[in-house]
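Novice:
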Amino acid sequence: MARATGWRRTVVTSLVAAGALAVGAAVSLIVGPYAIEPRTLLDTLSGARPDTMESQVIFTIRMPRLVAACISGWALAIAGLVFQALLRNPLASEYTLGVSSGAALGAVAATLLGLGAPLATPAFAFAGAVATIALVLLLARARLAFETNAAIMIGVIFTALANAALSLILSIVSPYQLQAFFFWFMGSFAEAEWRTLVPAAVAIAVLSGIIYAFSWNLNAIAVDEQFAAQIGVNVEVVKTVLLIAASFLTAIVVSLAGTVGFVGLVVPHMARLAIGVDHRALIPVTALFGAALCVAADVLARTMLAPNELPVGVVTAFIGVPVFVALMRRPRA
Amino acid sequence: MRWFLAILLSIAASVDAAPATPKRVVALAPSCAEIAAALGLGDAIVGVTNYTDWPPRTKNLPQVGSYVNINVEAVVALRPDLVLATDDGNPPATLRRLEHLGLRVVTLQLRDFDAIQQSILSLGTMVGRAAEGRRAVAEMKRVATCVSQRTRTVARPRVLFAYQLGPIVSAGKGTFTNQLLAMVGADSITKDVEQSYPRLSIESVVARAPEVIVVSSMNPAAEAEQTDTWLKKWPPMPAIRNGRVHLIDSTNLDRPSQRVVHGLVLLARTIHPTLFARGECAADLP
Numbered sequence: 001m002a003r004a005t006g007w008r009r010t011v012v013t014s015l016v017a018a019g020a021l022a023v024g025a026a027v028s029l030i031v032g033p034y035a036i037e038p039r040t041l042l043d044t045l046s047g048a049r050p051d052t053m054e055s056q057v058i059f060t061i062r063m064p065r066l067v068a069a070c071i072s073g074w075a076l077a078i079a080g081l082v083f084q085a086l087l088r089n090p091l092a093s094e095y096t097l098g099v100s101s102g103a104a105l106g107a108v109a110a111t112l113l114g115l116g117a118p119l120a121t122p123a124f125a126f127a128g129a130v131a132t133i134a135l136v137l138l139l140a141r142a143r144l145a146f147e148t149n150a151a152i153m154i155g156v157i158f159t160a161l162a163n164a165a166l167s168l169i170l171s172i173v174s175p176y177q178l179q180a181f182f183f184w185f186m187g188s189f190a191e192a193e194w195r196t197l198v199p200a201a202v203a204i205a206v207l208s209g210i211i212y213a214f215s216w217n218l219n220a221i222a223v224d225e226q227f228a229a230q231i232g233v234n235v236e237v238v239k240t241v242l243l244i245a246a247s248f249l250t251a252i253v254v255s256l257a258g259t260v261g262f263v264g265l266v267v268p269h270m271a272r273l274a275i276g277v278d279h280r281a282l283i284p285v286t287a288l289f290g291a292a293l294c295v296a297a298d299v300l301a302r303t304m305l306a307p308n309e310l311p312v313g314v315v316t317a318f319i320g321v322p323v324f325v326a327l328m329r330r331p332r333a
Numbered sequence: 334m335r336w337f338l339a340i341l342l343s344i345a346a347s348v349d350a351a352p353a354t355p356k357r358v359v360a361l362a363p364s365c366a367e368i369a370a371a372l373g374l375g376d377a378i379v380g381v382t383n384y385t386d387w388p389p390r391t392k393n394l395p396q397v398g399s400y401v402n403i404n405v406e407a408v409v410a411l412r413p414d415l416v417l418a419t420d421d422g423n424p425p426a427t428l429r430r431l432e433h434l435g436l437r438v439v440t441l442q443l444r445d446f447d448a449i450q451q452s453i454l455s456l457g458t459m460v461g462r463a464a465e466g467r468r469a470v471a472e473m474k475r476v477a478t479c480v481s482q483r484t485r486t487v488a489r490p491r492v493l494f495a496y497q498l499g500p501i502v503s504a505g506k507g508t509f510t511n512q513l514l515a516m517v518g519a520d521s522i523t524k525d526v527e528q529s530y531p532r533l534s535i536e537s538v539v540a541r542a543p544e545v546i547v548v549s550s551m552n553p554a555a556e557a558e559q560t561d562t563w564l565k566k567w568p569p570m571p572a573i574r575n576g577r578v579h580l581i582d583s584t585n586l587d588r589p590s591q592r593v594v595h596g597l598v599l600l601a602r603t604i605h606p607t608l609f610a611r612g613e614c615a616a617d618l619p
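Going down the list, the protein sequences come from chains A and B.
Residue 1 is where the first sequence starts when you use this note's numbering, and the numbers rise one by one after that.
Residue 334 is where the second sequence starts when you use this note's numbering, and the numbers rise one by one after that.
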């Protein structure tokens with residue numbers, strides 16, 4: 001009986017999240033400085049008006065942004081959920097573990113070295129993310145047998161170091177490069193293009209599938225590692241695979257959009273409050289919430305001060321921090 | 334006794350006579366060094382900020398930091414008898430500290446075309462080089478009038494002026510750059526944007542359909558290809574369809590000194606190529 005209501009709750013929550021995402025997506029396609037009538041929008045989407053300026057605006061500007069926001073929110077939320085479950089720490093996220101900063105540092109380094117190859121920047125962001133998580137977990141492991149708070153502590157300290165390194169770089173580059181680097185700090189979906197979105201979406205789908213395949217094991221590990229081992233989970237292998245998958249998810253997003261903070265931290269908590277702690281349901285619901293949040297944040301980023309555009313990370317921080325504070329103030333059931 | 338009188342007389346003279354010409358000048362922005370040069374003080378400059386390259390000898394002078402981040406100790410160490418500052422970027426707190434340390438700081442008002450002229454005239458009087466100041470200002474006025482007369486009767490194209498693309502950073506309402514655009518007969522698409530240096534979304538630029546895109550760059554030759562690739566990612570704007578995307582050297586555009594008239598003519602020629610094809614209105618200034 002309890003199980004039945006649990007599933008009903010999951011279904012209702014998923015529908016709410018999917019509805020929010022659909023509304024956000026519709027708004028993000030309708031709203032913009034280039035005036036497009038909803039009717040024209042529908043015609044264009046159905047392919048009735050190819051080669052018009054409206055279709056160019058929709059298919060090369062608004063649509064790629066929407067897809068970028070969608071898959072980024074999806075990936076960041078799942079990555080945060082995995083980090084929180086594996087480290088059994090509510091503060092764990094790609095942001096607090098330093099993975100985002102490491103990836104941003106990699107991206108800025110690629111730009112500074114003048115690597116013009118099309119995939120050099122994403123590749124460096126990727127390397128930065130993976131190197132950071134490896135370093136943080138290695139240092140945390142050296143201190144006691146994987147004390148989970150140590151990972152967060154080292155992550156936060158590493159983030160501070162990475163930010164200092166970025167500030168150092170920013171104080172020596174020419175003022176003309178500043179705005180471009182700002183992109184990596186606070187995130188933006190404005191530069192999204194199909195050429196990079198398609199492979200990113202495929203990779204995110206595959207990684208999400210891998211993580212979902214381990215959702216039952218995640219349930220066990222989130223309770224206790226010894227318990228998980230007793231019931232037959234190969235804890236070390238599962239943890240390694242999942243940590244790599246979550247780091248890859250983060251790195252992909254940073255290479256697309258820079259660092260978009262607080263999504264990975266806040267969204268898993270919202271989802272857990274709504275539907276409980278079963279990762280088989282949590283993974284898809286968290287992903288939908290994350291996508292909806294990023295789509296909404298992007299709409300706000302490009303409309304609040306239009307035609308001036310805000311970094312999307314500013315908006316997610318302004319939404320994420322109050323939500324996180326509110327969640328922390330809730331008495332535990 | 335005669336010796337004593339001589340000293341007394343020379344002290345009286347230095348107090349009484351025309352203002353003393355500074356011997357050691359530190360310029361806290363590239364524009365300040367250029368203005369000092371216009372007043373014949375180029376050889377007196379002993380320290381500059383990053384990116385200062387005019388007059389040419391300043392390239393080899395000691396630097397005291399960037400114009401927004403000035404090393405106070407480095408300024409003091411140069412023992413200047415005049416520190417030239419700008420109200421357009423130098424941190425006021427730094428200037429106050431320099432004054433408290435007993436240095437003579439003159440802050441030039443360089444936020445618009447008229448203010449630059451006033452600053453050159455009043456600094457000229459202050460340092461005993463009034464004639465040089467008047468000459469520079471007269472040339473600024475002549476060029477500005479020449480440019481505005483030639484462009485008065487032609488159509489004003491819609492222009493996007495960008496300091497940078499990807500993201501697009503432009504110049505909003507009330508900026509010096511927008512004033513220059515108006516002076517050369519351009520209809521800036523950002524003249525009504527409230528922020529000074531807005532980061533524009535590509536869609537808002539597409540919606541305003543610029544007929545000419547001007548990208549100011551410290552290195553136009555090196556950035557041409559990059560600019561082209563980036564612009565081709567987006568829906569075709571009139572400027573792109575008609576091959577009217579221009580990269581221009583920012584040197585004489587983003588430094589509010591008398592030399593900005595070189596930038597003014599460059600901008601005019603970029604936006605109205607046929608009107609200025611034979612070097613019309615060229616400024617007679619070093």
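We put the beta carbon where it would ideally sit given N, CA and C, even for glycine.
Would DSSP call A/N308 helix, strand or coil?
Specialist: Here residue 308 of chain A corresponds to residue number 308 of the first sequence, with the count starting at 1. In this structure, A/N308 counts as strand in the three-state DSSP scheme.
Novice: In terms of alpha-carbon separation, which member of B/V416, B/L417, B/R483, B/V547 lies closest to B/V502?
Specialist: As a position in the second sequence, residue 502 of chain B is number 169, starting the count at 1. The residue with the shortest Cα to Cα distance from B/V502 is B/V547.
Novice: Tell me whether the segment 571 to 583 of chain B and the segment 372 to 386 of chain B touch, counting them as touching only if at least three CB pairs, one residue from each stretch, are closer than 8 Å.
Specialist: No, because fewer than three Cβ pairs between the segment 571 to 583 of chain B and the segment 372 to 386 of chain B fall closer than 8 Å, the two stretches do not touch.
Novice: So, is B/L469 buried or exposed, given that buried needs 16 or more other C-beta atoms within 10 angstroms?
Specialist: Within the second sequence, the letter at position 136 stands for residue 469 of chain B. Correcting the residue type first, residue 469 of chain B is Ala in the shown sequence and not Leu. Looking at its Cβ environment, which holds 16 or more other Cβ atoms inside 10 Å, B/A469 is buried.
Novice: Which of helix, strand or coil does DSSP assign to B/D525?
Specialist: Position 192 of the second sequence, counted from the first residue, corresponds to residue 525 of chain B. Here B/D525 sits in coil by DSSP.
Novice: Look at the Cβ atom of A/K239, then the Cβ atom of A/L135, and state whether they are nearer than 7 Å.
Specialist: Here residue 239 of chain A is taken as the residue at index 239 of the first sequence, counted from 1. Here residue 135 of chain A is taken as the residue at index 135 of the first sequence, counted from 1. Taking 7 Å as the Cβ cut-off, A/K239 and A/L135 do not qualify as a contacting pair.
Novice: Looking at A/L91 and the ligand NAP, is the gap between the Cβ and the nearest heavy atom below 6 Å?
Specialist: In the structure shown, the ligand NAP is absent, as is every other ligand, since no ligand is present at all.
Novice: Looking at B/C614 and B/V593, is the spacing between their C-beta atoms short of 7 Å?
Specialist: Position 260 of the second sequence, counted from the start, is the residue given in the question as residue 593 of chain B. Position 281 of the second sequence, counted from the start, is the residue given in the question as residue 614 of chain B. Going by C-beta atoms, B/V593 is not nearer than 7 Å to B/C614.
Novice: Is B/S583 closer than 7 Å to B/S529 when the C-beta atoms are compared?
Specialist: Mapped onto the second sequence, residue 529 of chain B falls at position 196. Mapped onto the second sequence, residue 583 of chain B falls at position 250. For B/S529 and B/S583, no; Cβs fall outside 7 Å.
Novice: With distances taken between CB atoms, is the gap from B/G572 to B/P553 smaller than 7 Å?
Specialist: For the purposes of this step, residue 572 of chain B is taken as the residue at position 239 of the second sequence. For the purposes of this step, residue 553 of chain B is taken as the residue at position 220 of the second sequence. Just to set this straight, residue 572 of chain B is Ala in the shown sequence, not Gly. Contact: no.
Novice: Could I get the ranges of all uninterrupted alpha helix (DSSP H) runs contained in the segment 376 to 433 of chain B, with 4 residues as the minimum, in chain order?
Specialist: Listed in chain order, they are 405 to 410, 425 to 433.
Novice: When burial is assigned at 16 or more other CB atoms within 10 Å of the CB, is A/A245 buried or exposed?
Specialist: Looking up residue 245 of chain A in the first sequence gives position 245. Buried, since its Cβ has 16 or more Cβ neighbours within 10 Å.
Novice: Am I right that B/I604 and B/V538 are in contact with their C-beta atoms under 8 Å? What's the rounded C-beta distance?
Specialist: Position 271 of the second sequence, counted from the first residue, corresponds to residue 604 of chain B. Position 205 of the second sequence, counted from the first residue, corresponds to residue 538 of chain B. With a Cβ gap of about 17 Å, B/I604 and B/V538 do not count as contacting.
Novice: Is there a Cβ from chain A that is less than 7 Å from the Cβ of B/E472?
Specialist: Position 139 of the second sequence holds residue 472 of chain B. By this cut-off, B/E472 is not an interface position.
Novice: Quick check on this structure: which residue in A/P50, A/M270, A/G187 has the alpha carbon closest to the alpha carbon of A/T339?
Specialist: Within the shown structure, residues of chain A are numbered from 1 to 333, placing residue 339 of chain A beyond reach of any answer.
Novice: Assuming A/E309 contacts B/L533 under a Cβ cut-off of 8 Å, what Cβ separation, rounded to an integer in Å, is found between them?
Specialist: Within the first sequence, residue 309 of chain A is the residue found at index 309, counting from 1. Within the second sequence, residue 533 of chain B is the residue found at index 200, counting from 1. 7 Å between Cβ atoms; contact.
Novice: Identify the contact partners of A/V57 in chain B, using a Cβ-Cβ distance below 7 Å as the criterion.
Specialist: On the first sequence, position 57 is the one that residue 57 of chain A refers to. Correct list: E536, V539, P568.
Novice: Would a C-beta distance cut-off of 7 Å place A/T44 and A/G98 closer than the cut-off?
Specialist: Taking the first residue of the first sequence as 1, we reach residue 44 of chain A at position 44. Taking the first residue of the first sequence as 1, we reach residue 98 of chain A at position 98. Their beta carbons are not under 7 Å apart, which means A/T44 does not touch A/G98 by this criterion.
Novice: Can you find a CB in chain A that lies within less than 7 Å of the CB of B/L599?
Specialist: Taking the first residue of the second sequence as 1, we reach residue 599 of chain B at position 266. No, B/L599 does not count as interfacial toward chain A.
Novice: B/V322 to B/V358, Cα distance in whole Å?
Specialist: Beyond the ends of chain B as shown, which are 334 and 619, falls residue 322 of chain B; an answer cannot be given.
Novice: With a cut-off of 7 Å, does the C-beta of B/L454 fall near any C-beta of chain A?
Specialist: Indexing the second sequence from 1 puts residue 454 of chain B at position 121. Output row for B/L454: interface = no.
Novice: Reducing DSSP to helix, strand and coil, say where B/Y496 ends up.
Specialist: As a position in the second sequence, residue 496 of chain B is number 163, starting the count at 1. Here B/Y496 sits in strand by DSSP.
Novice: State buried or exposed for B/G507, treating a residue as buried only when at least 16 other CB atoms are found within 10 Å of its CB.
Specialist: Mapped onto the second sequence, residue 507 of chain B falls at position 174. Classification for B/G507: exposed.
Novice: Just to confirm my understanding: we take B/Q497, look at its own chain, exclude 5 residues before and 5 after, and list those with CB closer than 8 Å. What are they?
Specialist: As a working note, residue 497 of chain B is residue 164 in the second sequence. The answer, listed in chain order, is V548.
Novice: Candidates B/L513, B/D525, B/G375: which alpha carbon is nearest B/N393's?
Specialist: Counting from 1 along the second sequence, the entry for residue 393 of chain B is found at position 60. Among B/L513, B/D525, B/G375, the Cα nearest to that of B/N393 is on B/G375.
Novice: Pick helix, strand or coil for B/D587, following the three-state DSSP scheme.
Specialist: Locating residue 587 of chain B in the second sequence gives position 254, where the first residue counts as 1. Coil, per DSSP.
Novice: What did DSSP end up calling B/H579 once you bin it into helix, strand or coil?
Specialist: To locate residue 579 of chain B, count along the second sequence from 1; it is residue 246. Looking at B/H579 - three-state DSSP - the assignment turns out to be strand.
Novice: Taking C-alpha atoms, which residue in B/V409, B/R444, B/G422 lies nearest to B/R430?
Specialist: In the second sequence, counting from the first residue as 1, residue 430 of chain B sits at position 97. Selected option, being the one with the closest Cα: B/V409.
Novice: So, for A/A203: in the same chain, excluding its five sequence neighbours on each side, which residues have a beta-carbon less than 8 Å away from its beta-carbon?
Specialist: The residue labelled residue 203 of chain A in the question sits at position 203 within the first sequence. Result list for A/A203: F248, I252, in chain order.
Novice: Just the Cα atoms here: how many angstroms apart are A/L105 and A/L139?
Specialist: Stepping through the first sequence from its first residue, residue 105 of chain A is reached at position 105. Stepping through the first sequence from its first residue, residue 139 of chain A is reached at position 139. Each residue's alpha carbon lies about 19 Å from the other.
Novice: Using alpha carbons as the reference points, say which of A/Y212, A/A317, A/V285 lies closest to A/T10.
Specialist: As a first step, residue 10 of chain A is located in the first sequence; it is residue number 10 there, counting from the start. Checking every option, the nearest Cα to that of A/T10 belongs to A/V285.
Novice: Against chain B, does A/L144 count as a neighbour if the rule is that its beta carbon must be under 7 Å from one of theirs?
Specialist: Mapped onto the first sequence, residue 144 of chain A falls at position 144. At A/L144, the pLDDT of 47 sits below 50, so the modelled position is not reliable; the number obtained from the coordinates is stated separately. No - not a single Cβ of chain B is within 7 Å of the one on A/L144.
Novice: When the Cα atoms are used, what is the spatial distance from A/A92 to A/C70?
Specialist: Numbered from its first residue, the first sequence carries residue 92 of chain A at position 92. Numbered from its first residue, the first sequence carries residue 70 of chain A at position 70. Roughly 22 Å between the two C-alpha positions.
Novice: Where do the N-terminal and C-terminal ends of the alpha helix (DSSP H) with B/S455 fall, by residue?
Specialist: Counted from its first residue, the second sequence places residue 455 of chain B at position 122. Note, B/S455: alpha helix (DSSP H), 446 to 459.
Novice: Whole angstroms are fine: how far does the CA of A/L41 sit from the CA of A/A358?
Specialist: Since the first and last residues shown for chain A are 1 and 333, residue 358 of chain A lies out of range.
Novice: Ignore the nearest five residues each way along the sequence and tell me which others in B/V397's own chain have a CB closer than 8 Å to its CB.
Specialist: Here residue 397 of chain B refers to the residue found at position 64 of the second sequence. Correct list, in chain order: V359, L361, G380, V381, T382, I403, N404, A407, V408, L411.
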